[in-house]
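Residue 726 is where the sequence shown starts when you use this note's numbering, and the numbers rise one by one after that.
For each residue, glycine too, the CB sits at the ideal point set by N, CA and C.
As the structure is a prediction and not an experimental result, all values here were calculated from the model.
Structure, as structure tokens:
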Amino acid sequence: MLSVFPELFTYDSLASTVLRVVLGIVLLYIGLITVGVRRIYFITELQVHNFARNYNFHRFLPWVMGLVEIFTGVFITVGFLTQVMVLIAAYLFLNMTLIERYVGKVLNYPTIFNVVMIFLSLALLFLGPGALAIDLPL
726 MLSVFPELFT YDSLASTVLR VVLGIVLLYI GLITVGVRRI YFITELQVHN
776 FARNYNFHRF LPWVMGLVEI FTGVFITVGF LTQVMVLIAA YLFLNMTLIE
826 RYVGKVLNYP TIFNVVMIFL SLALLFLGPG ALAIDLPL
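Structure, rendered in structure tokens:
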């Protein structure tokens, strides 16, 4: 089938790059919010719902999630180990969706935001890192 703008197909690796950088910046931002501003609220929400209270996991979870989100966001933005980090990002967004569903609204993002980020992560898994990445396509 003929395309209306066939010249735009020369920029296909740039599209993956834009998606990768956007996903990395979003993860970095959410990680900084989780570790910084919303950490106390996150801990109190986990305490209210008795989430792993026997193991003091409610104090440990925001730090772990925040640091993993920050490292994953930096690695995705730079383009290092992109496919592994994108799988971790999809798991993190799924984890955030389940926490907000069963524990309560922690970051006050709508569920559709997390679903879109999961599909964006899975799309990057198959599209590859794109241009300007440390990972080289095979």
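Under DSSP, the alpha helix (DSSP H) around residue 833 begins and ends at which residues?
Here residue 833 is taken as the residue at index 108 of the sequence shown, counted from 1. Unbroken run through residue 833: none, as it is neither H nor E.
Roughly how many angstroms lie between the CA atoms of residue 740 and residue 793, to the nearest whole one?
The sequence position of residue 740 within the sequence shown is 15, counting from 1. The sequence position of residue 793 within the sequence shown is 68, counting from 1. So the alpha carbons of these two residues sit roughly 25 Å apart.
Contact defined as beta carbons within less than 8 Å: I believe residue 839 pairs with residue 818. What is the distance between those atoms, to the nearest angstrom?
Translated into the one-based positions of the sequence shown, residue 839 becomes position 114. Translated into the one-based positions of the sequence shown, residue 818 becomes position 93. Going by Cβ atoms, the distance from residue 839 to residue 818 rounds to 5 Å, so yes, they are a contact pair.
Cβ pair residue 791, residue 749 closer than 8 Å:
Taking the sequence shown and counting its residues from 1, one reaches residue 791 at position 66. Taking the sequence shown and counting its residues from 1, one reaches residue 749 at position 24. Cβ atoms of residue 791 and residue 749: not closer than 8 Å.
Through-space distance from residue 857 to residue 841, alpha-carbon basis:
Your numbering for residue 841 matches position 116 in the sequence shown. Your numbering for residue 857 matches position 132 in the sequence shown. Rounded to whole angstroms, residue 841 to residue 857 spans 24 Å at the Cα level.
Compute the Euclidean distance between the alpha carbons of residue 803 and residue 746, then round it to the nearest angstrom.
Along the sequence shown, read from residue 1 onward, the residue named residue 803 stands at position 78. Along the sequence shown, read from residue 1 onward, the residue named residue 746 stands at position 21. When rounded, the distance between both Cα atoms is 8 Å.
CB contact flag (residue 855, residue 738, <8 Å)
Start at 1 with the first residue of the sequence shown, and residue 855 comes out as number 130. Start at 1 with the first residue of the sequence shown, and residue 738 comes out as number 13. Contact: yes.
Indicate the three-state DSSP secondary structure (helix, strand or coil) for residue 731 in the structure shown.
Within the sequence shown, the letter at position 6 stands for residue 731. Residue state, collapsed to three classes: helix.
Is residue 947 helix, strand or coil when you go by DSSP?
The structure shown has nothing for residue 947, since the chain only spans 726 to 863.
Residue 824 by DSSP, collapsed to three states: which one?
Translated into positions along the sequence shown, residue 824 becomes position 99. Here residue 824 sits in helix by DSSP.
In this structure, how does DSSP classify residue 740 when only helix, strand and coil are distinguished?
Residue mapping note: residue 740 aligns to position 15 of the sequence shown, counting from 1. Helix, per DSSP.
Helix or strand or just coil, what does DSSP make of residue 855?
In the sequence shown, the residue the question calls residue 855 occupies position 130. It is coil, neither helix nor strand.
Does the separation of the CB atoms of residue 847 and residue 808 fall below 8 Å?
Within the sequence shown, the letter at position 122 stands for residue 847. Within the sequence shown, the letter at position 83 stands for residue 808. No, these two residues do not count as a Cβ contact at 8 Å.
Sequence-distant residues of the same chain with beta carbon closer than 8 Å to residue 728, five excluded per side
As a first step, residue 728 must be located in the sequence shown, where it is residue number 3. Here the set comprises 734.
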